[in-house]
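Q: Taken in sequence, the protein lines are chains A and B. At position 88 of the first sequence (counting the first as 1) the number is 110 in our numbering, and the numbers step up by one without a gap. At position 530 of the second sequence (counting the first as 1) the number is 538 in our numbering, and the numbers step up by one without a gap. By construction, the Cβ of each residue, glycine as well, lies at the ideal position given by its N, Cα and C atoms. This is the structure I have questions about; it appears just below.
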Amino acid sequence: MLRLLVSRVLAAIPLMLMVATLVFFLAQLNPVDPAATIMGDDADLESLAEKRAELGIDRPLVVQYWDWLNSAVVGDLGTNWFNGEEITTELRDRIPVTLSMVFGSLIVALAIGSAFGVLAALKAGRWPDRTITVASSLGLAVPNFWIGLVLAYYVGVKLQWLPAIWPTTRPDSLATWVEALILPCVALGISASAAIARQARSSMIGVLQRDYVRTALAKGLPVRRVVSRHAIRNAAIPVVTLAGFQTSALIGGSIFVEFVFNVPGLGRFGVDAILRQNMPALLGFVMVTAAVVVVVNIVLDLSYAWLNPKVRPE
Amino acid sequence: MSDALAGLGGSADAGELASPAPMPQESAAGATRSRFWARLRRNKVAMAGAVYLVLVVIAAIFAPLLTSHDETFATRFQDILFSPGEAGYVLGTDHVGRDILTRIFFGARYALIAGAEAVLVALVIGVPFGLAIGYFRGWADRIAMRFVEIVVAVPAVVMAMAIITGLGTGLTNAMLAIGLVFSMIITRLVRAEVFAAREEFYVDGARAAGASDRRVMWRHILPNVAPPLIVQTTLLFAQAVLAEAALSFLGIGADASQASWGRMLRDAELSIDRTIWPAIPPGIAIFLTVVAFNVFGDGLRDAFAREARGGRVGVGDVVPKERSAAAAPPWPSGSDDPLLSLRGLDIVFPKPGEGTDMTVVRDVNLDIGRGEVMALVGESGSGKTITGLSLMGLVPDPGQASAESIVLDGRELVGMDFNELRWIRGREIGIIFQEPSAALNPAYTVGRQVAEPLRVHLGMSKREARERAIELFAEVGIPDPHKRIDAFPHQFSGGMAQRVMIAMALSCEPKLLIADEPTTALDVTVQGQMLDLVGDLARSRGVSVLLITHDLGVVADLADRVAVMYAGEIVETGRLTDVFATPRHPYTEGLIAAIPRNEPRSGDLPTIPGVVPPPWEWPDRCHFADRCPYEAIECRRGPVELRQLGASLTRCERSHELELRGVQHASVVAIAGWEQPSDEPGSGGVMPGLPPGEGGPA
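Here it is as structure tokens:
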């Protein structure tokens with residue numbers, strides 16, 4: 023298991039490097055001059071050149087890239103072009119907010135989705151299955167930012183049950199933190215729950231038709247044991263795969279939900295970076311999200327090995 | 009597997025436990041296509057989605073005609089927000105006085121165009137790319153998959169945002185970015201499907217036949233890739249519509265002059281302190297459109313996938329049946345005190361695609377004496393496997409089994425429910441299946457799987473069960489049982505896995521062992537060993553065996569008595585020696601003639617032309633008449649009853665006048681029977697183990 027872990031971590035390093043390279047050069051395609059964006063339209067050529075030199079973007083791309091990479095390796099993602107803050111510091115404040123939203127949604131979605139998916143499979147074709155199937159295909163289609171708006175308006179503004187937007191001062195207690203997280207998590211987690219429920223249902227249905235389930239029945243095991251021992255573990259493999267994709271989707275989705283609820287997370291940071299061509303910020307944003315996805319995938323790889331002996335290293 | 013159903017050719021219900029029988033190529037394509045459309049049309053939800061999408065397309069095309077306002081039209085009263093119905097605005101206006109209904113119609117344009125752009129980009133890049141790397145593999149595949157891995161390591165939206173940073177914001181750029189990200193999904197999908205298709209024999213066959221790479225790709229691989237691709241494209245369209253709305257909502261998609269649904273939501277947020285209303289119609293429009301694409305895509309998938317139904321722990325027990333009025337003559341028992349005595353078994357399945365039932369097993373009687381080996385023989389589709397399963401209450405859903413009685417060692421099994429039958433399954437009746445590697449759970453060690461019934465039925469402790477499992481492994485001839493017990497099923501060869509299955513089936517010392525085609529999936533070289541093992545173990549333990557097989561040859565050395573099944577009925581039964589020496593039914597004669605044996609013969613090897621017809625084509629008269637060389641006018645009169653003739657029972661109108669050819673010494677054929685190549689059930693119109701030919705058995 024340790025060897026598997028080490029090999030996965032080692033494989034992740036070149037992957038991160040490639041992501042950085044790809045994004046760095048992709049973002050350079052834009053002909054707009056960042057200095058002009060920062061200084062405004064009426065800046066004269068001289069001060070623009072000065073700004074470019076200050077930002078270091080007058081140097082050849084390869085040099086910029088090499089420079090950035092060298093600092094990034096030691097955790098320094100550069101300085102924000104617009105406010106002069108360290109990108110690493112800014113991200114450090116925002117990561118916990120986004121991650122608690124993403125993993126809060128994911129865990130709840132896994133619990134709800136798997137439970138309903140397995141239930142639907144065991145009742146295939148009957149009313150619980152139909153209800154769950156319909157609910158999950160509706161859930162998949164709800165735009166999270168729209169349901170966020172609706173929730174913020176009705177639950178937040180009209181009913182005043184929960185905060186409609188993130189508190190402007192830093193939440194001082196766990197309770198306020200959790201309270202502020204509930205609506206964003208609900209908005210974010212609906213589609214993930216629906217997706218997981220669908221996957222759990224279909225893989226469970228698939229597994230229940232396998233020969234080894236028939237063997238288990240032929241041994242005289244009770245249904246409960248056939249389901250919990252012989253079916254669920256095999257049915258979990260595609261669900262775990264999906265959970266990996268969902269983590270990635272949730273991080274993407276958090277951008278929109280943060281926008282609606284005014285959450286000071288990674289998403290807002292990223293959108294600002296794009297709108298203002300803020301290169302160091304954009305790179306920092308992409309690298310952090312990629313790192314989260316990579317770490318989650320390593321964890322999932324390890325859980326595969328537990329679920330499926332075939333992929334266990336000999 | 010469930011050979012009673014294999015003849016259905018992959019129909020709905022055969023999907024339960026049976027692997028669908030391959031169909032002849034040409035007829036299959038046409039039938040599959042028409043069934044595809046029939047299934048799709050029957051799917052009301054998918055059709056509703058399709059109708060809605062047509063409406064969206066109409067709205068998009070005729071938006072200017074459907075509305076009296078312009079997409080950017082604002083009332084004279086800037087900053088006045090009309091509620092729905094007010095001042096002639098059906099859905100009201102937004103905060104700058106633009107008609108919401110108008111903008112919804114125009115928004116359909118942006119949604120569809122944006123979706124089409126993204127999907128088109130994804131297909132144009134992904135399909136050729138996926139085909140190429142899937143087909144040529146090697147370094148091109150490795151590099152490409154590395155690249156795909158890099159792109160998908162970042163959330164799709166984030167990657168799209170990075171691309172938008174490079175391209176600049178705006179709707180077209182945004183959808184181009186989304187399309188590029190989606191193309192990775194398409195690439196992966198196409199590549200995976202190509203890999204799967206390559207595994208199929210027909211691709212190798214086409215290559216061997218000298219087809220060019222391009223021809224192989226377009227003619228042989230793409231048609232197989234198409235169904236999942238069509239489904240995925242539909243679903244990606246839904247995702248693209250969502251992405252368009254999302255990016256426009258953030259302000260990096262549609263700009264302020266474009267009435268995109270996402271843009272409308274962004275505008276609605278500006279007046280959210282006054283009312284939520286302007287956010288409702290565009291939100292619902294996005295939601296419904298995405299739902300419509302999703303349900304339509306799901307409908308396509310289900311239609312392609314031959315409606316895999318069911319899924320609950322789908323087995324049924326046998327329910328009691330009234331004795332039929334036209335009572336069959338009493339069944340002469342093989343012994344005075346049989347271990348198992350089955351009377352009047354009927355099994356029905358719903359006819360695929362229709363509400364009506366079809367009978368797949370009709371009025372089967374069976375006696376198995378103590379310590380006796382009973383062979384149940386017949387081609388695929390005859391109903392023998394499902395007959396075996398019914399004895400344990402394992403008839404797969406949605407089948408329905410009923411019987412007058414099943415008495416096992418003095419106990420009536422008919423009417424027992426699932427939990428009462430649990431104490432029969434594994435404890436009184438053990439079973440070995442055809443495909444040992446599929447019958448073992450890949451997630452657990454074989455030791456745990458063999459120990460499981462010991463713990464459940466005999467209450468052994470973990471340690472005791474393990475010790476016993478090791479002993480059992482030794483008894484079934486698995487070398488190194490101490491080590492092998494902790495191995496996983498994928499680490500076993502087919503023959504060794506079947507030994508594990510035998511150990512499992514015999515673990516609780518059952519009285520009856522059902523062996524369902526135990527050698528069919530195995531290498532020819534181990535088939536004989538396996539039968540010897542089953543025979544020896546059964547004899548040494550006094551276990552009765554129900555040996556289910558399509559191959560008369562394999563039973564010759566092992567069985568005491570034989571029951572021959574054809575199309576859901578027992579057509580002949582008797583002592584093995586009698587049946588072999590003087591077959592009383594033309595079908596039995598055909599089966600005997602088809603056994604390869606060591607005797608001089610000229611001409612083609614004999615076969616029985618045709619296949620077992622599917623259950624819904626079984627006539628009311630003799631089921632075999634259409635394939636029978638001795639068919640005469642009296643064979644078409646009506647149902648044929650089993651009748652006594654000599655020492656056997658036979659279901660043939662003409663049996664008394666026919667001189668059927670058998671073999672004098674069953675053992676002559678036995679060895680030959682083992683050495684024939686294994687034959688997949690349902691593989692076509694030939695008798696097991698024989699090359700196709702025209703010759704009849706006469």
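#1: Kindly indicate which three-state DSSP category Tyr452 of chain B falls into: helix, strand or coil?
#2: Can you pull the chain A residues whose beta carbon is under 7 Å from the beta carbon of Leu399 of chain B, in chain order?
#3: Kindly indicate which three-state DSSP category Asp494 of chain B falls into: helix, strand or coil?
#4: Candidates A:Leu144, A:Gly106, A:Tyr176 and A:Gly275: which alpha carbon is nearest Val248 of chain A's?
#5: For Glu460 of chain B and Ala122 of chain B, I'd like the C-alpha separation in whole angstroms.
#6: Which word fits Trp45 of chain B, buried or exposed, when buried means at least 16 other C-beta atoms lie within 10 angstroms of its C-beta?
#7: Give the interface partners of Val323 of chain B over in chain A, defined as CB-CB distance under 9 Å, in chain order.
#8: Can the beta-carbon of Cys207 of chain A be found less than 8 Å from the beta-carbon of Val315 of chain A?
#9: Give the residues of chain B in contact with Met40 of chain A, contact being defined as C-beta atoms less than 7 Å apart.
#10: In whole angstroms, what separates the C-alpha of Asp494 of chain B from that of Cys516 of chain B?
#11: Pick from B:Pro404, B:Arg433, B:Tyr143 and B:Pro406: whose alpha carbon is nearest that of Leu416 of chain B?
#12: Hey, Leu258 of chain B and Val293 of chain A are a contact pair by Cβ (cut 8 Å); roughly how many whole angstroms apart?
#13: When you compare each of A:Ile259, A:Val321 and A:Ser250 to Ala34 of chain A by their alpha carbons, which one comes out closest?
#14: Check the Cβ of Gln50 of chain A against every Cβ in chain B and list those closer than 8 Å, keeping chain order.
#15: For the stretch 459 to 471 of chain B, list every residue whose C-beta sits within 9 Å of some C-beta in chain A, in sequence order.
#16: Give me the Cα-Cα distance between Gln266 of chain B and Thr110 of chain B, rounded to the nearest whole angstrom.
#17: Count the other CB atoms, across all protein chains shown, that sit within 10 Å of the CB of Gly401 of chain B; report buried if there are 16 or more and exposed otherwise.
#18: So, is Met573 of chain B buried or exposed, given that buried needs 16 or more other C-beta atoms within 10 angstroms?
#19: Runs of 3 residues minimum, wholly inside the stretch 552 to 600 of chain B: which ones carry the beta strand (DSSP E) assignment?
#20: For Ala411 of chain B, write down the residues that DSSP places opposite it in a beta bridge.
#21: Could you tell me which chain B residues have their CB closer than 8 Å to the CB of Gly274 of chain A, listed as they occur along the chain?
#22: Could you check the C-alpha separation between Arg246 of chain A and Arg152 of chain A for me, to the nearest Å?
#23: Please name the residues in the stretch 281 to 299 of chain B whose beta-carbon is closer than 7 Å to at least one beta-carbon of chain A, in chain order.
#24: Interface residues of chain B around Ile296 of chain A at Cβ under 9 Å?
#25: Run through chain A and tell me which residues come within less than 8 Å of Leu448 of chain B, C-beta to C-beta.
#26: Using a Cβ-Cβ cut-off of 8 Å, state whether Phe304 of chain B counts as contacting chain A.
#27: At what residues does the alpha helix (DSSP H) containing Asn166 of chain A begin and finish?
#28: Should Leu162 of chain A go down as buried or exposed, given a rule of 16 or more other Cβ atoms within 10 Å for buried?
#29: Decide yes or no for the touch test of the stretch 284 to 303 of chain B against the stretch 158 to 174 of chain A: beta carbon pairs closer than 8 Å, at least 3 of them.
#30: Residues in the same chain with beta-carbon distance under 6 Å from Val98 of chain B, minus the five sequence neighbours each way, listed in chain order, please.
#31: Measuring only between beta-carbons, confirm whether Gln268 of chain A sits less than 8 Å from chain B.
#32: Where does Asp375 of chain B sit, in a helix, a strand or coil, going by DSSP?
#33: Name the DSSP bridge partner or partners of Gln535 of chain B?
#34: Can you give the beta carbon distance from Glu229 of chain B to Ala205 of chain B, rounded, assuming they're within the 8 Å contact cut?
#35: Out of curiosity, what's the CA-to-CA distance linking Ile69 of chain B and Pro185 of chain A?
#36: Evaluate the contact criterion for the stretch 229 to 246 of chain A versus the stretch 186 to 206 of chain A: three or more CB pairs, one atom per stretch, below 8 Å.
A: Taking the geometry as given:
#1: To locate residue 452 of chain B, count along the second sequence from 1; it is residue 444. If DSSP states are grouped into helix, strand and coil, Tyr452 of chain B belongs with coil.
#2: If you number the second sequence from 1, residue 399 of chain B lands on position 391. Ordered by position in chain A, no residue passes the 7 Å Cβ test against Leu399 of chain B, which lies about 11 Å from the chain.
#3: The residue given as residue 494 of chain B occupies position 486 in the second sequence. Coil, per DSSP.
#4: Residue mapping note: residue 248 of chain A aligns to position 226 of the first sequence, counting from 1. Minimum Cα distance to Val248 of chain A is reached at A:Leu144.
#5: As a working mapping, residue 460 of chain B is identified with position 452 in the second sequence. As a working mapping, residue 122 of chain B is identified with position 114 in the second sequence. If you draw a straight line from the Cα of Glu460 of chain B to the Cα of Ala122 of chain B, it comes to about 56 Å.
#6: Here residue 45 of chain B is taken as the residue at index 37 of the second sequence, counted from 1. Exposed, because fewer than 16 other Cβ atoms sit within 10 Å of the Cβ of Trp45 of chain B.
#7: As a position in the second sequence, residue 323 of chain B is number 315, starting the count at 1. Under the 9 Å cutoff, chain A gives Arg236 and Leu239.
#8: In the first sequence, residue 207 of chain A corresponds to position 185, counting from 1. In the first sequence, residue 315 of chain A corresponds to position 293, counting from 1. No, Cβ-Cβ distance for Cys207 of chain A and Val315 of chain A is not below 8 Å.
#9: Here residue 40 of chain A corresponds to residue number 18 of the first sequence, with the count starting at 1. What Met40 of chain A touches in chain B: Ile158.
#10: Reading the second sequence from its first residue, position 486 is the one you call residue 494 of chain B. Reading the second sequence from its first residue, position 508 is the one you call residue 516 of chain B. Rounded to the nearest angstrom, the two C-alpha atoms are 20 Å apart.
#11: If you number the second sequence from 1, residue 416 of chain B lands on position 408. Comparing Cα-Cα distances from Leu416 of chain B to each of B:Pro404, B:Arg433, B:Tyr143 and B:Pro406, the minimum goes to B:Arg433.
#12: Start at 1 with the first residue of the second sequence, and residue 258 of chain B comes out as number 250. Start at 1 with the first residue of the first sequence, and residue 293 of chain A comes out as number 271. That belief holds up - the Cβ atoms of Leu258 of chain B and Val293 of chain A are roughly 6 Å apart, short of 8 Å.
#13: Reading the first sequence from its first residue, position 12 is the one you call residue 34 of chain A. When only C-alpha atoms are compared, the closest one is A:Val321.
#14: Taking the first sequence and counting its residues from 1, one reaches residue 50 of chain A at position 28. Residues of chain B with a Cβ closer than 8 Å to the Cβ of Gln50 of chain A are, in chain order, Gly174.
#15: Glu460, Pro461, Val464 and His465
#16: As a position in the second sequence, residue 266 of chain B is number 258, starting the count at 1. As a position in the second sequence, residue 110 of chain B is number 102, starting the count at 1. Distance between the alpha carbons of Gln266 of chain B and Thr110 of chain B is about 12 Å.
#17: Your numbering for residue 401 of chain B matches position 393 in the second sequence. Per the 10 Å Cβ criterion, buried.
#18: Numbered from 1 along the second sequence, position 565 holds the residue referred to as residue 573 of chain B. With 16 or more Cβ atoms within 10 Å of its Cβ, Met573 of chain B is classed as buried.
#19: 552 to 557, 569 to 574 and 577 to 583
#20: For this step, residue 411 of chain B is matched to residue 403 along the second sequence. DSSP, once it has assigned bridges, lists B:Pro328 as partnering Ala411 of chain B.
#21: Within the first sequence, the letter at position 252 stands for residue 274 of chain A. Here the neighbours are Pro163, Ala164, Val165 and Val166.
#22: Your numbering for residue 246 of chain A matches position 224 in the first sequence. Your numbering for residue 152 of chain A matches position 130 in the first sequence. The alpha-carbon atoms of Arg246 of chain A and Arg152 of chain A are separated by roughly 22 Å.
#23: Ile284, Ala287, Gly291, Ile294, Phe295, Val298 and Val299
#24: For the purposes of this step, residue 296 of chain A is taken as residue 274 along the first sequence, with counting starting at 1. Those are Met169, Ala170, Ile172, Thr173, Thr177, Leu258 and Ile260, listed as they occur along chain B.
#25: For the purposes of this step, residue 448 of chain B is identified with residue 440 of the second sequence, where counting begins at 1. Those are Tyr234 and Thr237, listed as they occur along chain A.
#26: The sequence position of residue 304 of chain B within the second sequence is 296, counting from 1. No, no contact with chain A.
#27: Here residue 166 of chain A refers to the residue found at position 144 when the first sequence is read from its first residue. Where Asn166 of chain A is concerned, the enclosing alpha helix (DSSP H) stretches over Asn166 to Leu173.
#28: Position 140 of the first sequence, counted from the first residue, corresponds to residue 162 of chain A. A residue is called buried when at least 16 other Cβ atoms come within 10 angstroms of its Cβ; Leu162 of chain A meets this threshold and is buried.
#29: Counting C-beta pairs closer than 8 Å gives three or more between the stretch 284 to 303 of chain B and the stretch 158 to 174 of chain A, which meets the contact rule.
#30: Along the second sequence, read from residue 1 onward, the residue named residue 98 of chain B stands at position 90. Contacts found: Leu109.
#31: Counting from 1 along the first sequence, the entry for residue 268 of chain A is found at position 246. It does not: the Cβ of Gln268 of chain A has no partner Cβ on chain B nearer than 8 Å.
#32: For the purposes of this step, residue 375 of chain B is identified with residue 367 of the second sequence, where counting begins at 1. The answer is strand: DSSP assigns Asp375 of chain B an E or B state.
#33: As a position in the second sequence, residue 535 of chain B is number 527, starting the count at 1. Bridge partners of Gln535 of chain B: none, in fact.
#34: The residue you call residue 229 of chain B lines up with position 221 of the second sequence. The residue you call residue 205 of chain B lines up with position 197 of the second sequence. The sequence as given places Ile at residue 229 of chain B; Glu does not occur at that position. The pair is a contact, with the Cβ atoms about 5 Å apart (cut-off 8 Å).
#35: By 1-based counting over the second sequence, the position of residue 69 of chain B is 61. By 1-based counting over the first sequence, the position of residue 185 of chain A is 163. Looking at the two C-alpha atoms, the distance is approximately 42 Å.
#36: no
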